[in-house]
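My numbering puts the sequence shown at residues 59 to 457.
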Amino acid sequence: MREDDEKCRNEHPRHVAPRLQGGVHKVNDPASARWEGVLVRFPAPSRDVKKSYKLGVIGGDGIGPEVTEVALHVLDACERRFRFRTERTSFPWSGAHFLKTGERLTPDKLAPIRAQDAVLLGAIGHPDVPRGMIERDVVIGLRRGLDLYVNLRPVILYDDRLSPLRTKGSAEIHMTVIRENTEDVYAATGERTAIGTPAETATVPMRFTRPGVERILRYAFELASRSERKHLTLVDKANAITVQEIWREVFEELGSQYPSVQRDAMYVDAAAMWMVLKPEQFDVIVTTNLFGDILSDLGAALAGGLGTAASGNIHPGRVSVFEPIHGSAPKYAGKGVASPIAAIGALAMLLEHLGEVDAAHAIDSAIRNGLRTGRIKGVEAGLQRTEQVGDVIEQTIGG
59 MREDDEKCRN EHPRHVAPRL QGGVHKVNDP ASARWEGVLV RFPAPSRDVK
109 KSYKLGVIGG DGIGPEVTEV ALHVLDACER RFRFRTERTS FPWSGAHFLK
159 TGERLTPDKL APIRAQDAVL LGAIGHPDVP RGMIERDVVI GLRRGLDLYV
209 NLRPVILYDD RLSPLRTKGS AEIHMTVIRE NTEDVYAATG ERTAIGTPAE
259 TATVPMRFTR PGVERILRYA FELASRSERK HLTLVDKANA ITVQEIWREV
309 FEELGSQYPS VQRDAMYVDA AAMWMVLKPE QFDVIVTTNL FGDILSDLGA
359 ALAGGLGTAA SGNIHPGRVS VFEPIHGSAP KYAGKGVASP IAAIGALAML
409 LEHLGEVDAA HAIDSAIRNG LRTGRIKGVE AGLQRTEQVG DVIEQTIGG
(Lines of atoms letter the chains of each structure in order from A and count residues from 1; the text may use other names and numbers.)
(Lines give C-alpha, C1' and ligand atoms only; values in the text may rest on other atoms or scores of the structure.)
Protein backbone atom coordinates (compact mmCIF):
# COMPACT_ATOMS: atom_id res chain seq x y z
CA MET A 1 0.00 0.00 0.00
CA ARG A 2 1.27 3.47 -0.82
CA GLU A 3 2.07 6.03 1.84
CA ASP A 4 -0.72 8.41 0.75
CA ASP A 5 -3.29 5.62 0.88
CA GLU A 6 -2.19 4.51 4.35
CA LYS A 7 -2.32 8.13 5.58
CA CYS A 8 -5.83 8.51 4.17
CA ARG A 9 -6.99 5.30 5.79
CA ASN A 10 -5.67 6.31 9.20
CA GLU A 11 -6.96 9.89 9.12
CA HIS A 12 -10.30 9.27 7.42
CA PRO A 13 -11.51 5.74 8.20
CA ARG A 14 -14.46 4.66 6.09
CA HIS A 15 -17.35 2.61 7.40
CA VAL A 16 -16.96 -0.81 5.84
CA ALA A 17 -20.35 -2.25 5.02
CA PRO A 18 -21.05 -5.95 5.53
CA ARG A 19 -19.59 -7.70 2.51
CA LEU A 20 -21.19 -9.68 -0.25
CA GLN A 21 -20.44 -13.37 0.05
CA GLY A 22 -18.79 -15.31 -2.70
CA GLY A 23 -15.58 -15.48 -4.63
CA VAL A 24 -14.54 -15.91 -8.22
CA HIS A 25 -17.46 -16.30 -10.61
CA LYS A 26 -17.65 -18.05 -13.93
CA VAL A 27 -17.92 -15.95 -17.07
CA ASN A 28 -21.30 -15.89 -18.77
CA ASP A 29 -21.47 -17.30 -22.26
CA PRO A 30 -21.50 -14.23 -24.55
CA ALA A 31 -23.66 -16.14 -27.01
CA SER A 32 -26.46 -16.14 -24.47
CA ALA A 33 -26.44 -12.36 -24.00
CA ARG A 34 -29.61 -10.60 -25.14
CA TRP A 35 -30.38 -6.89 -25.39
CA GLU A 36 -30.99 -6.75 -21.62
CA GLY A 37 -27.27 -7.22 -21.00
CA VAL A 38 -24.61 -6.59 -23.61
CA LEU A 39 -21.13 -7.63 -22.56
CA VAL A 40 -18.75 -4.69 -22.72
CA ARG A 41 -15.17 -3.75 -21.83
CA PHE A 42 -13.80 -7.10 -20.79
CA PRO A 43 -10.21 -6.45 -19.64
CA ALA A 44 -7.70 -9.15 -20.51
CA PRO A 45 -6.87 -11.38 -17.53
CA SER A 46 -3.36 -11.67 -16.13
CA ARG A 47 -1.73 -14.56 -14.36
CA ASP A 48 -1.57 -12.76 -11.01
CA VAL A 49 -5.25 -11.73 -10.87
CA LYS A 50 -6.69 -12.70 -7.48
CA LYS A 51 -10.44 -12.34 -7.95
CA SER A 52 -13.06 -11.71 -10.61
CA TYR A 53 -16.42 -10.02 -10.20
CA LYS A 54 -19.48 -9.64 -12.39
CA LEU A 55 -20.33 -5.96 -12.66
CA GLY A 56 -23.54 -4.56 -14.10
CA VAL A 57 -23.45 -1.03 -15.51
CA ILE A 58 -26.51 1.20 -15.98
CA GLY A 59 -25.35 4.54 -17.38
CA GLY A 60 -28.85 5.98 -17.38
CA ASP A 61 -29.76 9.48 -18.53
CA GLY A 62 -28.22 12.92 -18.90
CA ILE A 63 -24.77 13.10 -17.38
CA GLY A 64 -25.10 9.54 -16.08
CA PRO A 65 -23.30 7.78 -18.95
CA GLU A 66 -20.51 10.40 -18.94
CA VAL A 67 -19.66 10.19 -15.24
CA THR A 68 -20.05 6.41 -15.28
CA GLU A 69 -17.58 6.06 -18.15
CA VAL A 70 -15.01 8.07 -16.21
CA ALA A 71 -15.62 5.93 -13.12
CA LEU A 72 -14.98 2.81 -15.20
CA HIS A 73 -11.62 4.19 -16.33
CA VAL A 74 -10.75 4.63 -12.67
CA LEU A 75 -11.85 1.03 -12.15
CA ASP A 76 -9.43 -0.02 -14.89
CA ALA A 77 -6.59 1.59 -12.93
CA CYS A 78 -7.69 -0.16 -9.75
CA GLU A 79 -7.80 -3.52 -11.51
CA ARG A 80 -4.27 -3.11 -12.78
CA ARG A 81 -2.85 -2.02 -9.45
CA PHE A 82 -4.76 -4.32 -7.11
CA ARG A 83 -4.90 -7.40 -9.34
CA PHE A 84 -8.58 -8.18 -9.71
CA ARG A 85 -10.83 -8.04 -12.72
CA THR A 86 -14.44 -7.40 -13.62
CA GLU A 87 -16.69 -8.82 -16.28
CA ARG A 88 -18.89 -5.86 -17.17
CA THR A 89 -22.41 -6.06 -18.51
CA SER A 90 -24.18 -2.94 -19.75
CA PHE A 91 -27.94 -2.54 -19.24
CA PRO A 92 -29.98 0.04 -21.19
CA TRP A 93 -32.60 1.08 -18.64
CA SER A 94 -33.19 4.83 -18.81
CA GLY A 95 -35.62 7.47 -19.96
CA ALA A 96 -33.77 7.70 -23.26
CA HIS A 97 -34.18 3.96 -23.80
CA PHE A 98 -37.91 4.22 -23.07
CA LEU A 99 -38.36 7.07 -25.54
CA LYS A 100 -36.50 5.12 -28.21
CA THR A 101 -38.06 1.68 -27.71
CA GLY A 102 -41.05 2.03 -25.40
CA GLU A 103 -39.53 -0.62 -23.13
CA ARG A 104 -39.57 -0.30 -19.37
CA LEU A 105 -37.83 -2.18 -16.58
CA THR A 106 -40.36 -4.58 -15.12
CA PRO A 107 -39.86 -7.30 -12.48
CA ASP A 108 -39.67 -10.06 -15.10
CA LYS A 109 -36.58 -8.39 -16.62
CA LEU A 110 -34.49 -8.32 -13.45
CA ALA A 111 -32.90 -11.77 -13.79
CA PRO A 112 -29.77 -10.62 -15.71
CA ILE A 113 -29.21 -7.87 -13.14
CA ARG A 114 -29.77 -10.28 -10.27
CA ALA A 115 -26.97 -12.44 -11.67
CA GLN A 116 -24.36 -9.69 -11.12
CA ASP A 117 -22.19 -9.26 -8.03
CA ALA A 118 -22.82 -5.52 -8.01
CA VAL A 119 -24.22 -2.77 -10.23
CA LEU A 120 -22.87 0.73 -10.89
CA LEU A 121 -25.71 3.13 -11.75
CA GLY A 122 -25.19 6.57 -13.30
CA ALA A 123 -28.30 8.74 -13.03
CA ILE A 124 -31.95 8.30 -13.97
CA GLY A 125 -34.37 10.98 -15.16
CA HIS A 126 -35.38 12.44 -18.53
CA PRO A 127 -37.28 15.70 -19.13
CA ASP A 128 -39.35 14.18 -21.96
CA VAL A 129 -40.68 11.28 -19.88
CA PRO A 130 -43.69 11.70 -17.55
CA ARG A 131 -42.47 12.97 -14.20
CA GLY A 132 -41.27 10.21 -11.90
CA MET A 133 -42.10 7.31 -14.23
CA ILE A 134 -38.57 6.20 -15.06
CA GLU A 135 -37.36 6.85 -11.52
CA ARG A 136 -40.10 4.56 -10.20
CA ASP A 137 -39.32 1.94 -12.84
CA VAL A 138 -35.56 1.87 -12.39
CA VAL A 139 -34.53 3.33 -9.05
CA ILE A 140 -37.46 2.16 -6.95
CA GLY A 141 -37.93 -0.88 -9.18
CA LEU A 142 -34.41 -2.10 -8.43
CA ARG A 143 -34.81 -1.48 -4.72
CA ARG A 144 -38.07 -3.38 -4.51
CA GLY A 145 -37.35 -6.05 -7.10
CA LEU A 146 -33.95 -6.93 -5.65
CA ASP A 147 -35.05 -6.30 -2.05
CA LEU A 148 -32.27 -3.78 -1.50
CA TYR A 149 -33.42 -2.91 1.99
CA VAL A 150 -30.33 -0.92 3.02
CA ASN A 151 -29.62 2.53 1.66
CA LEU A 152 -26.11 3.33 2.86
CA ARG A 153 -25.04 6.96 2.58
CA PRO A 154 -21.65 7.91 4.00
CA VAL A 155 -21.17 11.62 4.65
CA ILE A 156 -17.55 12.15 3.60
CA LEU A 157 -15.93 15.58 3.58
CA TYR A 158 -13.07 15.20 1.11
CA ASP A 159 -11.70 18.69 1.77
CA ASP A 160 -12.56 21.09 4.60
CA ARG A 161 -13.04 23.94 2.13
CA LEU A 162 -16.07 22.20 0.62
CA SER A 163 -18.27 22.41 3.70
CA PRO A 164 -20.60 25.39 4.20
CA LEU A 165 -19.95 25.07 7.94
CA ARG A 166 -16.95 27.34 8.40
CA THR A 167 -16.06 26.08 11.88
CA LYS A 168 -16.38 22.37 11.05
CA GLY A 169 -14.02 20.14 9.11
CA SER A 170 -13.51 16.49 8.27
CA ALA A 171 -12.81 15.69 11.92
CA GLU A 172 -16.34 16.80 12.78
CA ILE A 173 -18.23 15.91 9.59
CA HIS A 174 -17.86 12.16 9.30
CA MET A 175 -20.98 10.05 9.68
CA THR A 176 -23.02 7.40 7.91
CA VAL A 177 -26.77 7.56 7.34
CA ILE A 178 -28.52 4.20 7.03
CA ARG A 179 -31.94 4.55 5.45
CA GLU A 180 -34.51 1.76 5.32
CA ASN A 181 -35.09 1.35 1.61
CA THR A 182 -38.22 -0.72 0.96
CA GLU A 183 -41.03 0.34 3.34
CA ASP A 184 -42.64 3.54 4.67
CA VAL A 185 -44.68 5.85 2.40
CA TYR A 186 -42.53 4.87 -0.60
CA ALA A 187 -43.93 1.34 -0.56
CA ALA A 188 -47.40 2.38 -1.77
CA THR A 189 -48.72 4.55 -4.57
CA GLY A 190 -51.45 6.13 -2.45
CA GLU A 191 -54.67 7.53 -3.84
CA ARG A 192 -56.55 10.74 -4.48
CA THR A 193 -60.31 10.85 -4.17
CA ALA A 194 -62.96 13.44 -5.02
CA ILE A 195 -60.45 15.20 -7.24
CA GLY A 196 -61.38 18.79 -8.07
CA THR A 197 -63.96 19.07 -5.30
CA PRO A 198 -63.76 20.67 -1.84
CA ALA A 199 -63.63 17.11 -0.45
CA GLU A 200 -60.51 16.15 -2.42
CA THR A 201 -58.24 13.94 -0.32
CA ALA A 202 -54.77 12.51 -0.96
CA THR A 203 -53.77 9.52 1.16
CA VAL A 204 -50.75 7.23 1.38
CA PRO A 205 -50.08 4.68 4.13
CA MET A 206 -46.93 4.77 6.26
CA ARG A 207 -46.22 1.05 6.54
CA PHE A 208 -43.57 -0.65 8.67
CA THR A 209 -43.21 -4.37 9.33
CA ARG A 210 -41.35 -5.94 12.23
CA PRO A 211 -39.11 -8.00 9.90
CA GLY A 212 -38.36 -4.88 7.86
CA VAL A 213 -37.55 -2.76 10.89
CA GLU A 214 -35.54 -5.49 12.58
CA ARG A 215 -33.29 -6.25 9.63
CA ILE A 216 -32.34 -2.62 8.98
CA LEU A 217 -31.70 -1.99 12.67
CA ARG A 218 -29.57 -5.13 12.91
CA TYR A 219 -27.56 -3.99 9.90
CA ALA A 220 -27.05 -0.63 11.61
CA PHE A 221 -25.94 -2.22 14.87
CA GLU A 222 -23.50 -4.44 12.98
CA LEU A 223 -22.03 -1.46 11.15
CA ALA A 224 -21.80 0.62 14.33
CA SER A 225 -20.08 -2.24 16.14
CA ARG A 226 -17.30 -2.09 13.52
CA SER A 227 -16.92 1.68 13.56
CA GLU A 228 -14.25 3.41 15.61
CA ARG A 229 -16.70 5.35 17.78
CA LYS A 230 -19.30 2.56 18.07
CA HIS A 231 -22.22 4.96 18.37
CA LEU A 232 -25.67 4.45 16.82
CA THR A 233 -28.46 7.04 16.72
CA LEU A 234 -32.04 6.12 15.82
CA VAL A 235 -33.96 8.99 14.21
CA ASP A 236 -37.76 8.91 14.12
CA LYS A 237 -40.82 11.00 15.05
CA ALA A 238 -42.42 8.53 17.43
CA ASN A 239 -43.85 11.27 19.63
CA ALA A 240 -46.15 12.50 16.85
CA ILE A 241 -46.33 9.49 14.51
CA THR A 242 -47.26 6.77 16.94
CA VAL A 243 -46.81 3.90 14.47
CA GLN A 244 -43.09 4.63 14.65
CA GLU A 245 -43.01 3.25 18.19
CA ILE A 246 -42.19 -0.06 16.51
CA TRP A 247 -38.78 1.41 15.71
CA ARG A 248 -38.14 2.36 19.35
CA GLU A 249 -39.22 -1.05 20.61
CA VAL A 250 -37.09 -3.09 18.22
CA PHE A 251 -34.17 -0.69 18.71
CA GLU A 252 -34.17 -1.37 22.45
CA GLU A 253 -34.61 -5.12 21.97
CA LEU A 254 -31.64 -5.38 19.63
CA GLY A 255 -29.52 -2.97 21.64
CA SER A 256 -29.08 -5.51 24.41
CA GLN A 257 -27.37 -7.81 21.89
CA TYR A 258 -24.72 -5.19 21.09
CA PRO A 259 -23.32 -4.06 24.45
CA SER A 260 -20.28 -2.44 22.82
CA VAL A 261 -22.48 0.00 20.86
CA GLN A 262 -23.52 3.23 22.54
CA ARG A 263 -27.04 4.05 21.40
CA ASP A 264 -29.46 6.93 21.58
CA ALA A 265 -32.65 8.07 19.85
CA MET A 266 -33.58 11.47 18.49
CA TYR A 267 -36.62 13.03 16.83
CA VAL A 268 -36.07 13.94 13.20
CA ASP A 269 -36.49 17.70 13.61
CA ALA A 270 -33.90 17.75 16.39
CA ALA A 271 -31.59 15.52 14.36
CA ALA A 272 -31.70 17.93 11.41
CA MET A 273 -30.80 20.80 13.71
CA TRP A 274 -27.93 18.99 15.43
CA MET A 275 -26.49 17.71 12.16
CA VAL A 276 -25.85 21.37 11.32
CA LEU A 277 -24.92 22.68 14.77
CA LYS A 278 -22.92 19.73 16.08
CA PRO A 279 -22.30 17.12 13.37
CA GLU A 280 -19.45 15.59 15.36
CA GLN A 281 -21.92 13.96 17.75
CA PHE A 282 -23.08 11.57 15.01
CA ASP A 283 -21.39 8.35 13.96
CA VAL A 284 -23.99 6.00 12.47
CA ILE A 285 -27.58 7.19 11.99
CA VAL A 286 -30.40 4.76 11.21
CA THR A 287 -33.83 5.98 10.18
CA THR A 288 -36.94 5.43 8.10
CA ASN A 289 -37.17 5.61 4.34
CA LEU A 290 -38.77 9.07 4.28
CA PHE A 291 -36.59 10.67 6.94
CA GLY A 292 -33.48 9.02 5.53
CA ASP A 293 -34.18 10.50 2.11
CA ILE A 294 -34.15 13.97 3.64
CA LEU A 295 -31.36 13.64 6.21
CA SER A 296 -28.95 12.00 3.80
CA ASP A 297 -29.24 14.98 1.44
CA LEU A 298 -28.64 17.29 4.39
CA GLY A 299 -25.55 15.26 5.14
CA ALA A 300 -24.43 15.64 1.53
CA ALA A 301 -24.84 19.42 1.83
CA LEU A 302 -22.60 19.45 4.90
CA ALA A 303 -19.91 17.69 2.86
CA GLY A 304 -20.06 19.99 -0.15
CA GLY A 305 -23.26 19.14 -1.99
CA LEU A 306 -24.70 16.39 -4.16
CA GLY A 307 -21.62 16.49 -6.38
CA THR A 308 -19.66 14.68 -3.68
CA ALA A 309 -22.19 12.16 -2.42
CA ALA A 310 -22.67 8.49 -3.25
CA SER A 311 -24.93 5.77 -1.93
CA GLY A 312 -25.27 2.02 -1.85
CA ASN A 313 -28.53 0.11 -2.20
CA ILE A 314 -27.64 -3.11 -0.47
CA HIS A 315 -28.89 -6.57 0.36
CA PRO A 316 -26.00 -8.40 2.03
CA GLY A 317 -25.15 -11.58 0.15
CA ARG A 318 -26.94 -10.50 -3.02
CA VAL A 319 -26.39 -8.12 -5.91
CA SER A 320 -26.29 -4.52 -4.67
CA VAL A 321 -26.50 -1.22 -6.55
CA PHE A 322 -24.21 1.78 -6.06
CA GLU A 323 -24.82 5.26 -7.45
CA PRO A 324 -24.09 8.97 -7.11
CA ILE A 325 -27.05 10.66 -5.47
CA HIS A 326 -27.13 13.58 -7.91
CA GLY A 327 -29.68 13.63 -10.70
CA SER A 328 -29.26 13.34 -14.45
CA ALA A 329 -28.70 17.13 -14.86
CA PRO A 330 -29.88 17.26 -18.50
CA LYS A 331 -28.65 20.84 -18.96
CA TYR A 332 -25.08 19.57 -18.65
CA ALA A 333 -25.54 16.38 -20.68
CA GLY A 334 -23.09 15.98 -23.54
CA LYS A 335 -21.01 19.02 -22.55
CA GLY A 336 -18.34 17.08 -20.68
CA VAL A 337 -18.34 19.43 -17.70
CA ALA A 338 -20.14 17.38 -15.04
CA SER A 339 -18.14 16.41 -11.97
CA PRO A 340 -17.58 12.63 -11.77
CA ILE A 341 -16.54 12.75 -8.10
CA ALA A 342 -19.81 11.28 -6.79
CA ALA A 343 -19.81 8.51 -9.40
CA ILE A 344 -16.21 7.66 -8.56
CA GLY A 345 -17.15 7.72 -4.88
CA ALA A 346 -19.94 5.26 -5.67
CA LEU A 347 -17.34 3.03 -7.32
CA ALA A 348 -15.25 3.19 -4.14
CA MET A 349 -18.28 2.10 -2.11
CA LEU A 350 -18.92 -0.74 -4.54
CA LEU A 351 -15.34 -1.98 -4.29
CA GLU A 352 -15.33 -1.72 -0.52
CA HIS A 353 -18.56 -3.72 -0.41
CA LEU A 354 -17.04 -6.45 -2.56
CA GLY A 355 -14.03 -6.64 -0.28
CA GLU A 356 -11.55 -4.69 -2.42
CA VAL A 357 -10.89 -2.35 0.48
CA ASP A 358 -7.40 -1.26 -0.60
CA ALA A 359 -8.73 -0.17 -3.99
CA ALA A 360 -11.55 1.76 -2.32
CA HIS A 361 -9.11 3.58 -0.06
CA ALA A 362 -6.84 4.37 -3.00
CA ILE A 363 -9.76 6.09 -4.74
CA ASP A 364 -10.64 8.02 -1.60
CA SER A 365 -7.00 9.09 -1.19
CA ALA A 366 -6.75 10.15 -4.84
CA ILE A 367 -9.84 12.36 -4.58
CA ARG A 368 -8.54 14.05 -1.44
CA ASN A 369 -5.10 14.51 -2.95
CA GLY A 370 -6.53 16.03 -6.12
CA LEU A 371 -8.61 18.57 -4.20
CA ARG A 372 -5.79 19.40 -1.80
CA THR A 373 -3.28 20.04 -4.57
CA GLY A 374 -5.70 21.90 -6.83
CA ARG A 375 -5.44 19.38 -9.65
CA ILE A 376 -9.15 18.87 -9.04
CA LYS A 377 -10.58 22.38 -8.98
CA GLY A 378 -13.81 21.58 -7.14
CA VAL A 379 -16.97 19.50 -7.27
CA GLU A 380 -19.33 21.81 -9.15
CA ALA A 381 -20.18 21.34 -12.82
CA GLY A 382 -18.25 23.54 -15.22
CA LEU A 383 -15.05 23.96 -13.22
CA GLN A 384 -13.17 21.31 -15.17
CA ARG A 385 -13.66 18.78 -17.94
CA THR A 386 -15.21 15.54 -16.71
CA GLU A 387 -12.45 13.37 -18.15
CA GLN A 388 -9.74 15.62 -16.67
CA VAL A 389 -10.99 14.93 -13.17
CA GLY A 390 -10.98 11.23 -13.94
CA ASP A 391 -7.47 11.43 -15.36
CA VAL A 392 -6.17 13.02 -12.15
CA ILE A 393 -7.63 10.24 -10.03
CA GLU A 394 -6.55 7.50 -12.42
CA GLN A 395 -2.98 8.82 -12.57
CA THR A 396 -2.79 9.16 -8.79
CA ILE A 397 -3.87 5.56 -8.34
CA GLY A 398 -1.03 4.78 -10.72
CA GLY A 399 -2.42 1.81 -12.55
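C-beta atoms are modelled at their ideal positions from N, C-alpha and C, and glycine is treated no differently.
In terms of Cβ geometry, valine 319 and arginine 268 do not form a close pair [threshold 8 Å].
Counting only runs of at least 3 residues, the stretch 272–319 fully encloses the following beta strand (DSSP E) elements, listed from N- to C-terminal order: 289–294. The residue among Glu230, Leu215, Lys167 with its C-alpha nearest the C-alpha of leucine 204 is Lys167. Nearest C-alpha to tyrosine 277 among Asn371, Ile231, Ala169, Ala298: Asn371. Along the length of the stretch 320–365, whole alpha helix (DSSP H) runs at least 4 residues long occupy 326–335, 347–360, reported in chain order.
The Cβ atoms of glycine 385 and asparagine 209 do not sit closer than 8 Å to each other. Residue range 109–118 is occupied by the beta strand (DSSP E) that includes glycine 117, with no alpha helix (DSSP H) assigned at that position. Straight-line spacing of the CA atoms in alanine 396 and arginine 376 works out to 31 Å. Assignment of beta-bridge partners to methionine 233 by DSSP yields Val213.
Here arginine 219 is not near alanine 245, since their CB atoms are 8 Å or more apart. Secondary structure at glycine 270: helix, using DSSP grouped into helix, strand and coil.
A direct Cα-to-Cα measurement between valine 415 and glutamine 339 gives close to 26 Å.
One thing to note: methionine 233 has its Cβ within 8 Å of the Cβ of isoleucine 343. Taking C-beta atoms as the reference points, alanine 401 and valine 125 count as a pair closer than 8 Å.
Its chain contains Arg265, Phe266, Thr267, Gly270, Asn347 as the residues whose beta carbon lies nearer than 7 Å to that of glutamate 241, once the 5 sequence neighbours on both sides are disregarded; these appear in chain order. Between glycine 394 and the set Gly122, Thr444, Asn427, Gly114, the nearest pair of CA atoms involves Thr444.
Of the other Cβ atoms in all chains shown, fewer than 16 fall within 10 Å of the Cβ of glycine 190; this residue is therefore exposed.
Around the beta carbon of methionine 331, fewer than 16 other beta carbons sit within 10 angstroms, so the residue counts as exposed.
Below 8 Å, too few C-beta pairs join the stretch 124–144 and the stretch 358–372 to call them touching: fewer than three. When the alpha-carbon of lysine 336 is set against those of Leu113, Arg224, Leu292, Glu161, the nearest one is in Arg224. The criterion of a C-beta distance shorter than 8 Å is not satisfied by tryptophan 151 and leucine 133. For arginine 146, the three-state secondary structure derived from DSSP is strand. Counting along the chain, serine 397 sits inside no beta strand (DSSP E), nor does DSSP assign it H or E at all.
Shown here for aspartate 217: same chain residues with a beta carbon closer than 7 Å to its own, the five before and five after excluded, namely Arg426, Leu429, Arg430 in chain order. Looking only at Tyr316, Glu238, Ala252, the smallest Cα-Cα distance to glutamine 302 is reached by Glu238.
Annotation for arginine 250: the continuous beta strand (DSSP E) segment containing it runs 249–251.
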